[in-house]
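Working notes, beginning with the structure itself.
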Amino acid sequence: MRYVKKGCEPEFMIKWKSLRLQAGQSLTYVDFECKEELNRILRAEQHHICCYCQQRLDHFQGDKIGGSHNEHLIPENGPQGDFDKQMDYANLYACCIDSRGLRKKERSKRHCGEAKADKLIRCFIQEEECSSFFRYNTLGEIIPNGEYDCWDDYIAHKEELEGDVKDAMEAIDILNLNCHFLKADRKGDLDGLLRIISTLSKKDVENKALFFEQAEQYPRYIDMLLYFMAKKK
Numbered sequence: 176m177r178y179v180k181k182g183c184e185p186e187f188m189i190k191w192k193s194l195r196l197q198a199g200q201s202l203t204y205v206d207f208e209c210k211e212e213l214n215r216i217l218r219a220e221q222h223h224i225c226c227y228c229q230q231r232l233d234h235f236q237g238d239k240i241g242g243s244h245n246e247h248l249i250p251e252n253g254p255q256g257d258f259d260k261q262m263d264y265a266n267l268y269a270c271c272i273d274s275r276g277l278r279k280k281e282r283s284k285r286h287c288g289e290a291k292a293d294k295l296i297r298c299f300i301q302e303e304e305c306s307s308f309f310r311y312n313t314l315g316e317i318i319p320n321g322e323y324d325c326w327d328d329y330i331a332h333k334e335e336l337e338g339d340v341k342d343a344m345e346a347i348d349i350l351n352l353n354c355h356f357l358k359a360d361r362k363g364d365l366d367g368l369l370r371i372i373s374t375l376s377k378k379d380v381e382n383k384a385l386f387f388e389q390a391e392q393y394p395r396y397i398d399m400l401l402y403f404m405a406k407k408k
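Going letter by letter, the sequence shown gives residues 176 to 408 in the working numbering.
Here's what the structure looks like:
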């Protein structure tokens with residue numbers, strides 16, 4: 176996951192909330208008419224990647240490939256939700272919908288917002304040091320920045336984890352960021368990256384990493400790419 180620098184709340188949201196309050200109506204997301212316009216702004220703010228898994232996002236709803244919805248980081252409902260944050264711009268992000276509609280027996284394939292549902296995770300993407308709490312391995316796994324080098328080891332030692340490592344592990348687990356699809360997808364991109372940077376100088380790799388970070392549209396899985404690019408000697 177990666178820190179998302181939020182911009183100013185869009186004027187159309189401010190106006191909508193003001194009109195609702197003047198009419199004595201509650202600020203409920205289900206009644207908000209400009210969901211697609213909001214999603215366009217959220218995607219641009221996130222450089223067109225999912226707030227959790229970092230797949231590319233190209234449009235609102237519609238087709239699953241590149242599709243997205245407006246995600247409430249702190250859930251709208253449920254025992255861990257906060258009803259008053261439904262229309263809080265700081266709590267809204269663009270999230271992929273790749274695993275939407277999977278049947279119960281395919282639940283292990285659900286990831287990101289579809290896996291999270293009404294559960295609460297630490298709000299890493301609101302912390303500027305977000306990326307420092309996670310790292311990656313050559314299997315394509317995202318893991319906490321702790322002492323173990325693979326996801327299975329974190330699962331095996333789950334009860335022993337503490338602090339940031341425990342929070343990172345729980346976030347990865349709840350979001351199912353190591354489901355087979357994401358793991359295989361990341362590994363494919365990583366293998367391609369390693370072939371490319373093996374032919375480049377360290378300086379060239381540093382310049383390429385800077386280009387990625389400054390791009391209007393990030394490459395998918397940017398944090399993984401940057402993590403391994405930083406290891407170039």
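Ideal placement from N, C-alpha and C gives every residue a C-beta, glycine not left out.
Fair warning: this is a prediction, and the values are worked out from it, not measured in the lab.
- Rounded to whole angstroms, Ser-201 and Leu-267 show a C-alpha spacing of 18 Å.
- The three-state reading of DSSP puts Glu-388 in helix, counting H, G and I together.
- Ile-371 counts as exposed, since fewer than 16 other C-beta atoms from the protein chains shown sit within 10 angstroms of its C-beta.
- In this structure, Ile-272 lies away from Ser-307, with their beta-carbon atoms at least 9 Å apart.
- The beta carbon of Gln-230 lies closer than 6 Å to those of Cys-271, Arg-395 in the same chain, with the five residues before and after it left out.
- Between the segment 341-349 and the segment 377-385 there are fewer than three C-beta pairs closer than 8 Å, too few to call the two in contact.
- DSSP places Asn-245 in the uninterrupted beta strand (DSSP E) bounded by 242-247.
- In the three-state scheme derived from DSSP, where H, G and I count as helix and E and B as strand, Phe-235 is classed as strand.
- For the pair His-332 and Phe-187, the Cα-to-Cα distance works out to about 48 Å.
- Counting only the Cα atoms, Pro-254 lies some 43 Å from Gly-367.
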